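The structure appears below as structure tokens.
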Amino acid sequence: MTFLSEISYSLMCLVGMLLGTRQLLGDNLVALMAFPIPFCTFFFIALFFLPETPKFLLIARSNRVEAERSLRFYHGSGSDVNEVMKEMVKEAEDEMERVAASCGSVKEIFTEPHLRRAALLSISALQNTVAFWSMLLSSTYFLEEIGLHQAAASWCSTAMALGYTVGTVAGLIWIERSGVGPISWFISSELVPQKYRSLMQSITYAVNTVIVVALSFSILPLYGIVGSYAFLILYTVPSTGAIVILYKYLPETRGREIHEIVAELQGKTKSS
Numbered sequence: 210m211t212f213l214s215e216i217s218y219s220l221m222c223l224v225g226m227l228l229g230t231r232q233l234l235g236d237n238l239v240a241l242m243a244f245p246i247p248f249c250t251f252f253f254i255a256l257f258f259l260p261e262t263p264k265f266l267l268i269a270r271s272n273r274v275e276a277e278r279s280l281r282f283y284h285g286s287g288s289d290v291n292e293v294m295k296e297m298v299k300e301a302e303d304e305m306e307r308v309a310a311s312c313g314s315v316k317e318i319f320t321e322p323h324l325r326r327a328a329l330l331s332i333s334a335l336q337n338t339v340a341f342w343s344m345l346l347s348s349t350y351f352l353e354e355i356g357l358h359q360a361a362a363s364w365c366s367t368a369m370a371l372g373y374t375v376g377t378v379a380g381l382i383w384i385e386r387s388g389v390g391p392i393s394w395f396i397s398s399e400l401v402p403q404k405y406r407s408l409m410q411s412i413t414y415a416v417n418t419v420i421v422v423a424l425s426f427s428i429l430p431l432y433g434i435v436g437s438y439a440f441l442i443l444y445t446v447p448s449t450g451a452i453v454i455l456y457k458y459l460p461e462t463r464g465r466e467i468h469e470i471v472a473e474l475q476g477k478t479k480s481s
């Protein structure tokens, strides 16, 4: 699940950069922009045939039958449905204790200490993906700045995208087998109760998008002033700070249920 999403994204980046070369569709903006429409349409329609997640059905809708059906759909018919449902029931009971007191508002994300901590951790995890965007969007420019011909710079950027794709495939094989844990894009959903998950993901993605846009527009002017030190200022220093925060405060999520992780963020338990 985790690396499959990254593989699909990296593959589309590769296809986009390949088609964006002048030898293909680089001079035909209309055709280049129209190319992904059929694929986006297909996957948009496919979403309507996917059931809601088991936890959402059980906790938010209190529909155990549909939750079990969804669990078998996503986990396979050979999964231990009863054991997984038992853990989700524990989380549902913990959720019901809070539902009368709050409704999962944006204000709570910033006023409740454990939710605020989860937001900071989620944003810190995504911070380490920010530098990638400047290389993805401006790599051809940087290569031309060091003297490469435009065509060579363009194909080198495509080769970089190919390396990105190969790296994500290797990650699927290696990282997932090692059980290191979830990737940055989904960590926010593992740190908060069910009713806050979509809100937390929306907030952290929004903050990350603002950071990406701000730094992507800042890198070229700053690069023209201080050269390669721009990467140190805009990316290395913030990413180092984010790693320190994650190392010190991120709870272990592997092999643990959400209610256990939330309890640790609230200071009720410690990770083993």
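One point on numbering: in the working numbering, the residue at position 96 of the sequence shown is 305, and numbering is uninterrupted. Every residue gets a Cβ at the ideal spot worked out from N, C-alpha and C, and that includes glycine. These numbers were taken from a predicted model, which means no experiment stands behind them.
Sorting HIS284, PHE351, GLN410 by C-alpha distance to the C-alpha of THR262 places HIS284 at the top. The alpha-carbon separation between SER343 and VAL290 amounts to approximately 44 Å. At a Cβ-Cβ threshold of 9 Å, LEU267 and MET297 count as neighbours. The way I'd put it, the stretch 316 to 334 does touch the stretch 451 to 463; three or more beta-carbon pairs between them come closer than 8 Å.
One alpha carbon belongs to ALA368, the other to GLU353, and they sit about 15 Å apart. A Cβ-Cβ distance of about 6 Å is found for the pair SER347 and LEU429, placing them in contact under the 8 Å criterion. Here ILE396 carries a helix assignment [DSSP, helix/strand/coil].
A straight-line Cα-Cα distance of about 30 Å links LEU241 and SER393. In the three-state scheme derived from DSSP, where H, G and I count as helix and E and B as strand, SER288 is classed as coil. Distance from PHE319 to ARG326 at the Cβ level is roughly 11 Å; contact not present, criterion being Cβ atoms closer than 8 Å.
Taking C-beta separations shorter than 6 Å and ignoring five residues to either side along the sequence, the partners of TYR444 in its chain run ALA340, following chain order.
Taking C-beta separations shorter than 7 Å and ignoring five residues to either side along the sequence, the partners of ARG273 in its chain run LEU267, following chain order.
Residue state for VAL401 is assigned as coil, using DSSP reduced to three classes. Fewer than three beta-carbon pairs drawn from the stretch 232 to 241 and the stretch 377 to 384 are found closer than 8 Å, and the two stretches are therefore not classed as touching. The beta carbon of MET226 sits closer than 7 Å to the beta carbons of SER366, THR367, ALA370 from its chain, once the five residues preceding and following it are set aside; these are given in chain order.
Here the alpha carbons of SER448 and VAL419 stand approximately 16 Å from one another.
C-alpha of GLU275 to C-alpha of HIS358: approximately 58 Å in a straight line. One thing to note: TYR458 has its Cβ within 9 Å of the Cβ of LEU329. Closest in alpha carbon position to LEU228, among ALA243, SER214, SER217, is ALA243. Each of ASN337, SER398, CYS249, ASN237 was checked against the Cα of PHE440, and the nearest Cα belongs to ASN337. An exposed status is given to THR250, since fewer than 16 other beta-carbon atoms sit within 10 Å of its beta-carbon.
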